[in-house]
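K.L.:
Next up is a structure, given as structure tokens.
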Amino acid sequence: MEPELLARKYDQVLEPLKKIGWPFWITVFLLGIPFLWSFFTFGWQYAHGLGVTGMGHPASWALYLVNFVFFIGISHAGALVSSVLRITHARWGTPFGRIAEAVTVFALAAGPTNILFDLGRSVRFYWVALHGQFKSPLLWDFTCIMTYLTVSTLFLYILMIPDIGLLRDSFPRRRWLYEFLSFGWKGSERQWQRLRKGIGILCVAVIPVAVSVHTVVSWVFGLQKQPMWHSTIFAPYFVTGAIFSGIATIIIVSIVMRRVYHLEGFLKPENFNNLGLLLLTFTLLWAYFTFVEHLVVGYGGGPEEHAVLWSKLSGRYAPLFWAMVVLCFVIPFPLLVFKRSVPGLFIASVAIVIGMWLERYTIIIPSLVEPRLPHARGAYAPTWVEWSMTAGLVSGFALAFVLFSKLFPVISIWEVEKEGEEGGG
Amino acid sequence: MTYRWGMVIDLDRCTGCQACVVACRQENNVSFAGEDQSGKGRAKFWMNLLVEIKGRTYPEAEMHFFPLPCMQCDNPPCTKVCPVEATYKNPEGIVAQIYPRCIGVRMCISNCPYTVRYFNWFPPSWPQAYEKGLNPDVYRRRKGITEKCNFCIQRIRRAKEGARKENRKLRDGELVPACGETCPSEAITFGDLNDPKSRVSRLAKSRRAFRLLESLGTEPKVYYLKEGDWDDGT
Numbered sequence: 030m031e032p033e034l035l036a037r038k039y040d041q042v043l044e045p046l047k048k049i050g051w052p053f054w055i056t057v058f059l060l061g062i063p064f065l066w067s068f069f070t071f072g073w074q075y076a077h078g079l080g081v082t083g084m085g086h087p088a089s090w091a092l093y094l095v096n097f098v099f100f101i102g103i104s105h106a107g108a109l110v111s112s113v114l115r116i117t118h119a120r121w122g123t124p125f126g127r128i129a130e131a132v133t134v135f136a137l138a139a140g141p142t143n144i145l146f147d148l149g150r151s152v153r154f155y156w157v158a159l160h161g162q163f164k165s166p167l168l169w170d171f172t173c174i175m176t177y178l179t180v181s182t183l184f185l186y187i188l189m190i191p192d193i194g195l196l197r198d199s200f201p202r203r204r205w206l207y208e209f210l211s212f213g214w215k216g217s218e219r220q221w222q223r224l225r226k227g228i229g230i231l232c233v234a235v236i237p238v239a240v241s242v243h244t245v246v247s248w249v250f251g252l253q254k255q256p257m258w259h260s261t262i263f264a265p266y267f268v269t270g271a272i273f274s275g276i277a278t279i280i281i282v283s284i285v286m287r288r289v290y291h292l293e294g295f296l297k298p299e300n301f302n303n304l305g306l307l308l309l310t311f312t313l314l315w316a317y318f319t320f321v322e323h324l325v326v327g328y329g330g331g332p333e334e335h336a337v338l339w340s341k342l343s344g345r346y347a348p349l350f351w352a353m354v355v356l357c358f359v360i361p362f363p364l365l366v367f368k369r370s371v372p373g374l375f376i377a378s379v380a381i382v383i384g385m386w387l388e389r390y391t392i393i394i395p396s397l398v399e400p401r402l403p404h405a406r407g408a409y410a411p412t413w414v415e416w417s418m419t420a421g422l423v424s425g426f427a428l429a430f431v432l433f434s435k436l437f438p439v440i441s442i443w444e445v446e447k448e449g450e451e452g453g454g
Numbered sequence: 087m088t089y090r091w092g093m094v095i096d097l098d099r100c101t102g103c104q105a106c107v108v109a110c111r112q113e114n115n116v117s118f119a120g121e122d123q124s125g126k127g128r129a130k131f132w133m134n135l136l137v138e139i140k141g142r143t144y145p146e147a148e149m150h151f152f153p154l155p156c157m158q159c160d161n162p163p164c165t166k167v168c169p170v171e172a173t174y175k176n177p178e179g180i181v182a183q184i185y186p187r188c189i190g191v192r193m194c195i196s197n198c199p200y201t202v203r204y205f206n207w208f209p210p211s212w213p214q215a216y217e218k219g220l221n222p223d224v225y226r227r228r229k230g231i232t233e234k235c236n237f238c239i240q241r242i243r244r245a246k247e248g249a250r251k252e253n254r255k256l257r258d259g260e261l262v263p264a265c266g267e268t269c270p271s272e273a274i275t276f277g278d279l280n281d282p283k284s285r286v287s288r289l290a291k292s293r294r295a296f297r298l299l300e301s302l303g304t305e306p307k308v309y310y311l312k313e314g315d316w317d318d319g320t
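Here it is as structure tokens:
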């Protein structure tokens, strides 16, 4: 189809790129404040030392690690889900593709940043590459995450090239940007062929890379001697939880975009229905893993494991633990079974994302504060520093989406168009 | 044969005076955390003294003491997780920290089952009067890095230099870390575990000897002699 006709047909998708009104500036302003504040906080922490956080002994890893695991988890759904849906030709997933891939890239930018915050000497972070020791699980993390970031950025970008070509022709004022990014896209048969080939390779490549990432993230804990971290199911448990929280994030972002940019014509209830079924599958998988993990420890664990387990089930972490169970299972399960409408999915997804953050918290902190030797047991409470950094990350993640949606269409025009042609005959 | 440094702590002799804690702090420039920071878990004790009180009133009340330095594991969990090899087991079996290399990841801290690794949450500080007395042989560390007991490695180095001048090996008992030197009840014995005749080797074979959390397979080189029947390990 001619670019002008295509642009007119998908006017609704391109609309957000055309006008920048006051709601945009208010959003940017509101998100920008916590985002910039976190830079100040980081400077404060850098100047004074990590003592300004609530960390100490034995809780020497805390909220930064929670955020690290949480954001890397979110990044999973993106590339993984969109590539699996592409390989299996699940057409209902096409309108979510772009959002899913962008979620991946932005979450992957936010996740490892936490390690930078957490380091005692942040400016020396590159020593991990310079003096890398492959015997350390942290280096496996570094390698896998960097690979995943590269692959998923390529994935997002390559799938966007035909759309950027369209943008270049439709937005003469931003030609300088789109011209460069379109990589000489003309839509010739040879280019299409290469694009399809590239997407095919990336679709397959991204799956093992994504699985490897959360596997090694789980091993940062699973390979340690801490009670209740040293568990063989940690890798699949983390991967499942990652995809679980990731799908929920995609749903939240999609619903917000749909509402704000009036994309009801593309993100239809039946698309959400299917995504809701996928989320339901992962709700059950997550509940299964959580049950198995805790039952095995409770039945066969030693006294050190039991100290951690009971602090989660009925001790000081019980409110957080049971809140997690409610948010990750009790609320979303009935909603996803009986009411996969857009508002129902929104409530379920918000509950899941908060619940999964709590899951990361109740995995990391209780084990640390109940070490093997009883004399070392302690407590942890985050200070304003950790909360500021967390707020900065969340707002940075949202801000990235706001800016992205003003520069690129959040729905893949060429893919929806292709499917329309194929579907319509 | 190289040395393999080990320590035996006789719990029956320990009176809980904490002289080892003070001497260690002095020798190794271990900084002061202060009451407020100690409450937040930032206190550093390269040598710590754990106290257990059983019963409330005399004569039922019992106190038990447990000095806790780094266990200097032969199979240390901390060294393998460091992504930049800032900690390693040296050829003489000491688990050492390379301060300039450390970037403060703290995975070694979380993987230490004995919780005897300490982090510099703030720049190290001492009371002003105390600063004049800091040990010039020991680096004072800086904020953002991990530190730990290293069996007074500076003393080992100096003693070996002295012995090398005389072209001989170190004699048993010639070398003691600060905690062992100061212990008034001589509860701490230090020496070469590779020398079967050394006092530390003999005591480590005592019927009273045990190691902390032995089941983890960390193979500590710090042995404890439990309270009870006397046995000189001969």
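Going down the list, the protein sequences come from chains A and B. Position 263 of the first sequence, counted from 1, bears residue number 292 in our numbering, the numbering being contiguous throughout. Position 76 of the second sequence, counted from 1, bears residue number 162 in our numbering, the numbering being contiguous throughout. We put the beta carbon where it would ideally sit given N, CA and C, even for glycine.
#1: With a threshold of 6 angstroms on Cβ separation, who are the neighbours of B/H150 within its own chain once the five nearest residues in sequence on each side are excluded?
#2: At a Cβ cut of 7 angstroms, what residues of the region 97 to 108 of chain B count as close to chain A, listed as they run along the chain?
#3: Start and end of the alpha helix (DSSP H) containing B/K140?
#4: Out of B/E267, B/G259, B/Y225, B/P145, state which residue places its alpha-carbon closest to the alpha-carbon of B/P186.
#5: Identify the contact partners of A/A264 in chain B, using a Cβ-Cβ distance below 9 angstroms as the criterion.
#6: If I measure Cβ to Cβ from B/W132 and keep anything under 6 angstroms in the same chain, skipping five residues before and after, which residues do I get?
#7: Three-state secondary structure (DSSP) at B/M93?
#8: Could you tell me if B/M93 is buried or exposed, where buried requires 16 or more neighbouring beta carbons within 10 angstroms of its beta carbon?
#9: Answer yes if the region 280 to 289 of chain A comes into contact with the region 119 to 131 of chain A, meaning at least three C-beta pairs across the two stretches below 8 angstroms, and no otherwise.
#10: Look at the alpha carbon of A/A429 and the alpha carbon of A/P361, and state the distance between them as a whole number of angstroms.
#11: Let me see if you follow: with CB-CB separation under 7 angstroms, is A/P332 close to chain B or not?
#12: Identify the contact partners of B/G230 in chain A, using a Cβ-Cβ distance below 7 angstroms as the criterion.
#13: Can you name the residues of chain A whose CB is closer than 9 angstroms to the CB of B/P222?
#14: Since I believe A/V152 is in contact with A/I440 (beta carbons under 8 angstroms), could you give me their beta-carbon distance rounded to a whole number of angstroms?
#15: Which residue wins for smallest C-alpha separation from B/R128, given the options B/R203, B/L136, B/D98?
#16: Can a CB atom of chain B be found closer than 7 angstroms to the CB of A/W416?
#17: Does the beta-carbon of A/Q253 have 16 or more other beta-carbons within 10 angstroms, so that it is buried, or is it exposed?
#18: Just mark B/M87 as buried or exposed, buried being the case when its beta carbon has 16 or more other beta carbons within 10 Å.
#19: Below 8 angstroms on the Cβ atoms is my contact criterion, and I expect A/T179 with A/M418 to pass it. Report the Cβ-Cβ distance as a whole number of Å.
#20: Indicate whether A/L65 and A/E415 have their beta-carbon atoms separated by less than 7 angstroms.
#21: Between A/W169 and chain B, is there a C-beta pair that is closer than 7 angstroms?
#22: Under 7 angstroms between beta-carbons, which chain A residues line up against B/C168? List them in chain order, please.
#23: What residues in its chain sit with their C-beta under 8 angstroms from that of A/L308, if we drop five residues either side in the sequence?
#24: If distances are taken between C-alpha atoms only, which option among A/S211, A/F437, A/F200 comes closest to A/P191?
#25: Tell whether a beta-carbon distance below 7 angstroms holds between A/I262 and A/E322.
#26: Show which residues of chain A have a CB atom less than 9 angstroms away from the CB atom of B/M149.
#27: Restricting to Cα atoms, I'd like to know which of A/G331, A/G327, A/P395 is closest to A/A347.
#28: To be precise: take each residue of the region 232 to 263 of chain A, compare its Cβ to all Cβ atoms of chain C, and keep it if any distance is under 8 angstroms. Which residues remain?
#29: Could you tell me the distance, in whole angstroms, from the CA atom of A/G449 to the CA atom of A/W156?
#30: How do the region 94 to 107 of chain B and the region 265 to 283 of chain B stand: do at least 3 beta-carbon pairs fall below 8 angstroms, yes or no?
#31: From A/G454 to A/K447, what does the alpha carbon distance come to, in whole angstroms?
#32: Using three-state DSSP, classify B/T143 as helix, strand or coil.
#33: Can you name, in chain order, every residue of its own chain whose Cβ lies under 7 angstroms from the Cβ of B/K175, other than the five neighbours on each side?
#34: Going by the CB atoms, is the gap between A/W248 and A/P332 shorter than 7 angstroms?
#35: Along chain B, in chain order, which residues have C-beta atoms closer than 8 angstroms to that of A/P400?
#36: For B/L311, which three-state DSSP category applies?
P.N.:
Taking the definition as stated:
#1: Hits under 6 angstroms: E138.
#2: Residues of the region 97 to 108 of chain B with a Cβ closer than 7 angstroms to any Cβ of chain A: none.
#3: For B/K140, there is no enclosing alpha helix (DSSP H); the enclosing beta strand (DSSP E) covers residues 134 to 140.
#4: Distances from the CA of B/P186 to each of B/E267, B/G259, B/Y225, B/P145 were compared; the closest alpha carbon is that of B/Y225.
#5: Contacts between A/A264 and chain B, judged by CB atoms closer than 9 angstroms, are missing: the closest CB pair is about 17 angstroms apart.
#6: C110, N114, V116, C235
#7: Three-state DSSP puts B/M93 in a strand.
#8: buried
#9: The region 119 to 131 of chain A and the region 280 to 289 of chain A touch, with no fewer than 3 CB-CB distances between them shorter than 8 angstroms.
#10: 27 angstroms
#11: no
#12: G78, L79, G149, R150
#13: Neighbours of B/P222 on chain A: none; closest Cβ ~24 angstroms, over 9 angstroms.
#14: Contact flag wrong, Cβ pair sits at about 41 angstroms.
#15: The residue with the shortest Cα to Cα distance from B/R128 is B/R203.
#16: Under the Cβ distance rule, A/W416 does not count among the residues neighbouring chain B, no pair being separated by less than 7 angstroms.
#17: buried
#18: exposed
#19: So it is not a contact: roughly 25 angstroms between Cβ atoms.
#20: no
#21: no
#22: Result: Q162, S165.
#23: F273, I276, A277, I280, P361, L365, L374, A377, S378, I381
#24: A/S211
#25: In this structure, A/E322 lies closer than 7 angstroms to A/I262 by Cβ.
#26: Chain A residues near B/M149: none, gap ~14 angstroms exceeds 9 angstroms.
#27: A/P395
#28: Although the question refers to chain C, the structure presented lacks it and instead comprises the protein chains A and B.
#29: 50 angstroms
#30: yes
#31: Any reading at A/G454 is ruled out, since the residue's pLDDT is 41, under 50, leaving its predicted position unreliable.
#32: B/T143 falls in the coil class under three-state DSSP.
#33: P162, T165, V181
#34: no
#35: P199, T201
#36: strand
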